[in-house]
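Chemist: This is the structure I have questions about; it appears just below.
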Amino acid sequence: MKKILFTLVAVCSLFLIMSSCKPTADPVATEVINDPNAEDYNEESLSDEKAERIDELDSPVLDFDNIILPNGMTLKEFKEKYPNLINGRIKGDETLNGPQLRKNSIISNMLIEAQRLMNRGAFIKQEKEGGASDCKYCPAQPNGLAYAYGNKDYSVRKNPKGYAFEEVFGLDCSGFVYNAVKKGIKNFTAENTTEQKLTSKWNEALKVEKENKKLFVKDLGPLTELNLKAGDIVYWNGHIALVGVGGTNAILFQSNGTSAGSCGDPNKSKESLKCVKNAQEKNRGPKRGPRALSFKEAITPDYFGPQYRVIRILTDISGEWQLLGRCTQQSSDAIDMRITIHPEKDDEVLQTKRKVSAQGKATDYNGTTLIILTLEGEYNKETNILKANITLTADGEPDETRIDGFERPLNVDDTGYFPATSILSNGACGISWRLINKSSDNNTGGRKPHNKVLNRSLFKLSI
Numbered sequence: 004m005k006k007i008l009f010t011l012v013a014v015c016s017l018f019l020i021m022s023s024c025k026p027t028a029d030p031v032a033t034e035v036i037n038d039p040n041a042e043d044y045n046e047e048s049l050s051d052e053k054a055e056r057i058d059e060l061d062s063p064v065l066d067f068d069n070i071i072l073p074n075g076m077t078l079k080e081f082k083e084k085y086p087n088l089i090n091g092r093i094k095g096d097e098t099l100n101g102p103q104l105r106k107n108s109i110i111s112n113m114l115i116e117a118q119r120l121m122n123r124g125a126f127i128k129q130e131k132e133g134g135a136s137d138c139k140y141c142p143a144q145p146n147g148l149a150y151a152y153g154n155k156d157y158s159v160r161k162n163p164k165g166y167a168f169e170e171v172f173g174l175d176c177s178g179f180v181y182n183a184v185k186k187g188i189k190n191f192t193a194e195n196t197t198e199q200k201l202t203s204k205w206n207e208a209l210k211v212e213k214e215n216k217k218l219f220v221k222d223l224g225p226l227t228e229l230n231l232k233a234g235d236i237v238y239w240n241g242h243i244a245l246v247g248v249g250g251t252n253a254i255l256f257q258s259n260g261t262s263a264g265s266c267g268d269p270n271k272s273k274e275s276l277k278c279v280k281n282a283q284e285k286n287r288g289p290k291r292g293p294r295a296l297s298f299k300e301a302i303t304p305d306y307f308g309p310q311y312r313v314i315r316i317l318t319d320i321s322g323e324w325q326l327l328g329r330c331t332q333q334s335s336d337a338i339d340m341r342i343t344i345h346p347e348k349d350d351e352v353l354q355t356k357r358k359v360s361a362q363g364k365a366t367d368y369n370g371t372t373l374i375i376l377t378l379e380g381e382y383n384k385e386t387n388i389l390k391a392n393i394t395l396t397a398d399g400e401p402d403e404t405r406i407d408g409f410e411r412p413l414n415v416d417d418t419g420y421f422p423a424t425s426i427l428s429n430g431a432c433g434i435s436w437r438l439i440n441k442s443s444d445n446n447t448g449g450r451k452p453h454n455k456v457l458n459r460s461l462f463k464l465s466i
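Quick note: to get our numbering, add 3 to the position in the sequence shown (first position is 1).
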């Protein structure tokens, strides 16, 4: 019995000695992280591996003033011409509510807000600034807004979703887009990429304001860089960005970073804690958070990849347009007629082009010669270009006929006067046309009192 007892004591002693020499599990007892959002992350956050690859990309230099808007104006030109349409002051002194102007004012405000959010110097924060006095994890942010997964309000120091536990001022990718879009579409409510991909969410927000009745958003699929326009939204499975275009180069305005989800729970191991801390520091660094990226680089397989789609704010240009015509050297109009671009029918959705035709009458500058006008053309909804030929015949004088054509993008509500292309000349003056969208309140067109140049007329017989 004593021998058995001695043996048991010896075995137990050996076990205790061996246990004391065995390496322990990786405890994190020295730093316990209390993070209520630790498990709250999904596919919207990039993996740590992909986030680090994107860190390799430099932000391209882009002069925001030279961004080209869909109407062909630069952002600087638009701001100078329509100051009351900037920074949300849509209903200032301006009475110009045409759909193209409305669309470009929305896009301008989106871009201006994107620029502000990416301004690293505008959001420098000191340690604990904006947080509780006893905030343990309220770091300084010398690089401006951080990447903060799940954060949509950059004005509040907040603990992001995922394993990142620091409280920071920041935005995730959809939070960045949300804040930029809200400056242009005040009723926009889609705060995550799942909703921001849905054109229905955009169209619901647009239709709240009657001024947007001619605007809609459409998913155009994977457009090439040359076909992108300022204000487009590009999205992937897990990322979303706003587009700016300068020349032939498209730039993405976005917020990139990680939720540190692939690091694992920092309370489970020292390696996980180290991984999370590293991710947090990078999320506050200059290569993460709101910044610009080259579209050309971003769509390569090593980064966000080529599986993307584009959604765009478009204008319904159907309805009545005023067509004015004058001799190029005249200061008044001889022609004032209406043309109608009919709304798209259900069976025309897949068709690119729609026929446009109109007839009218006018009086030449001599006040007596009656002109019969016939317009035949087509509108290309993909390029937003109206191409037409207009035949002018002097009433009772069939030999007095001329045909003039034009090909004009309808990217503004009032095209201003532009020269026609002569197809059949009658030896009279060159002609200039002007198109005005009658949905617009910006209508100053119409025949003005004649200020005739007597040797200029639409027909030689009128001189």
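In this text, a Cβ means the ideal position worked out from N, Cα and C, and glycines have one as well. Source: prediction; values computed, not measured.
Going by CA-CA distance only, name the one from TYR420, GLU116, ILE338, TRP205 that's closest to THR394.
Modeler: Numbered from its first residue, the sequence shown carries residue 394 at position 391. Closest option to THR394, Cα to Cα, is ILE338.
Chemist: Taking just the CA atoms, how far does LYS204 sit from GLU274?
Modeler: Translated into positions along the sequence shown, residue 274 becomes position 271. Translated into positions along the sequence shown, residue 204 becomes position 201. So the alpha carbons of these two residues sit roughly 42 angstroms apart.
Chemist: State buried or exposed for ILE144, treating a residue as buried only when at least 16 other CB atoms are found within 10 Å of its CB.
Modeler: Here residue 144 corresponds to residue number 141 of the sequence shown, with the count starting at 1. The sequence given here places Gln at residue 144; Ile does not occur at that position. Counting Cβ neighbours within 10 Å, GLN144 comes out buried, since at least 16 surround it.
Chemist: Take ALA491 and list the residues in its own chain whose beta-carbon comes closer than 6 angstroms to its own, dropping the five residues that flank it on each side.
Modeler: Because the chain is modelled from 4 through 466, residue 491 falls outside the range shown and cannot be assessed.
Chemist: Compute the beta-carbon to beta-carbon distance between ARG294 and LYS285, rounded to the nearest angstrom, for a pair I have assumed lies under 8 angstroms.
Modeler: Taking the first residue of the sequence shown as 1, we reach residue 294 at position 291. Taking the first residue of the sequence shown as 1, we reach residue 285 at position 282. Going by Cβ atoms, the distance from ARG294 to LYS285 rounds to 13 angstroms, so no, they are not a contact pair.
Chemist: Helix, strand or coil for GLU323, going by three-state DSSP, please let me know.
Modeler: Residue 323 sits at position 320 when you count from the first residue of the sequence shown. Three-state result, GLU323: strand.
Chemist: For SER177, which residues of its own chain have a beta-carbon under 6 angstroms away from its beta-carbon, when the five flanking residues on both sides are left out?
Modeler: Numbered from 1 along the sequence shown, position 174 holds the residue referred to as residue 177. Counting only Cβ-Cβ distances below 6 angstroms, and skipping sequence neighbours, we find ASN195, THR196, GLN199, ILE243.
Chemist: Note down the Cα distance separating LEU327 from LEU376, rounded to an integer number of angstroms.
Modeler: On the sequence shown, residue 327 is found 324 positions in, with the first residue counted as 1. On the sequence shown, residue 376 is found 373 positions in, with the first residue counted as 1. Distance between the alpha carbons of LEU327 and LEU376: 12 angstroms.
Chemist: How is GLY249 classed by DSSP in three states: helix, strand or coil?
Modeler: As a first step, residue 249 must be located in the sequence shown, where it is residue number 246. For GLY249, the three-state secondary structure derived from DSSP is strand.
Chemist: Rounded to whole angstroms, what is the Cα-Cα separation between GLY241 and ILE115?
Modeler: Indexing the sequence shown from 1 puts residue 241 at position 238. Indexing the sequence shown from 1 puts residue 115 at position 112. Taking the straight line joining both Cα atoms gives about 25 angstroms.
Chemist: Cα-Cα, which of ARG56, LEU49, SER50 is closest to ASP305?
Modeler: The count along the sequence shown starts at 1 and reaches residue 305 at position 302. Measuring from the Cα of ASP305, the nearest candidate turns out to be ARG56.
Chemist: Kindly indicate which residue of ILE254, GLY187, GLY249 has the alpha-carbon position closest to the one of ASN107.
Modeler: For this step, residue 107 is matched to residue 104 along the sequence shown. It is GLY187.
Chemist: Which one of GLY249, VAL220, GLY250 has the shortest CA to CA distance from ILE236?
Modeler: If you number the sequence shown from 1, residue 236 lands on position 233. Of GLY249, VAL220, GLY250, the residue nearest in Cα terms is VAL220.
Chemist: Compute the Euclidean distance between the alpha carbons of GLU403 and ASN369, then round it to the nearest angstrom.
Modeler: Sequence index remark: in the sequence shown, residue 403 carries index 400 (1-based). Sequence index remark: in the sequence shown, residue 369 carries index 366 (1-based). Spanning the two alpha carbons is a distance of roughly 15 angstroms.
Chemist: Among all the DSSP beta bridges, which residues are the ones paired with CYS330?
Modeler: On the sequence shown, residue 330 is found 327 positions in, with the first residue counted as 1. DSSP lists ILE434 as partners of CYS330.
Chemist: On the DSSP bridge list, what partners appear for TRP205?
Modeler: Here residue 205 corresponds to residue number 202 of the sequence shown, with the count starting at 1. The partner list for TRP205 (beta bridge, DSSP) is empty, contrary to what the question assumes.
Chemist: Based on Cα-Cα distance, which residue from CYS138, ARG119, ILE320, GLU130 lies nearest to LEU218?
Modeler: Translated into positions along the sequence shown, residue 218 becomes position 215. Nearest C-alpha to LEU218: ILE320.
Chemist: Express the C-alpha separation of ASN383 and VAL159 in angstroms, rounding to a whole number.
Modeler: Start at 1 with the first residue of the sequence shown, and residue 159 comes out as number 156. Start at 1 with the first residue of the sequence shown, and residue 383 comes out as number 380. When rounded, the distance between both Cα atoms is 47 angstroms.
Chemist: For the candidate residues PHE168, GLU214, THR366, ASP367, whose alpha-carbon lies nearest to that of ASN270?
Modeler: Counted from its first residue, the sequence shown places residue 270 at position 267. Of the candidates PHE168, GLU214, THR366, ASP367, the one whose C-alpha sits nearest the C-alpha of ASN270 is PHE168.
Chemist: Would you call the CB atoms of LYS358 and GLU381 closer than 7 angstroms?
Modeler: Start at 1 with the first residue of the sequence shown, and residue 358 comes out as number 355. Start at 1 with the first residue of the sequence shown, and residue 381 comes out as number 378. Yes. Within cutoff.
Chemist: Contact defined as beta carbons within less than 8 angstroms: I believe ILE388 pairs with PRO412. What is the distance between those atoms, to the nearest angstrom?
Modeler: As a position in the sequence shown, residue 388 is number 385, starting the count at 1. As a position in the sequence shown, residue 412 is number 409, starting the count at 1. So it is a contact: roughly 5 angstroms between Cβ atoms.
Chemist: I need the DSSP call for CYS163, collapsed to helix, strand or coil.
Modeler: Reading the sequence shown from its first residue, position 160 is the one you call residue 163. First, the residue type needs correcting, since residue 163 is Pro and not Cys in the sequence shown. PRO163 sits in coil when the DSSP states are folded into three classes, being neither helix nor strand.
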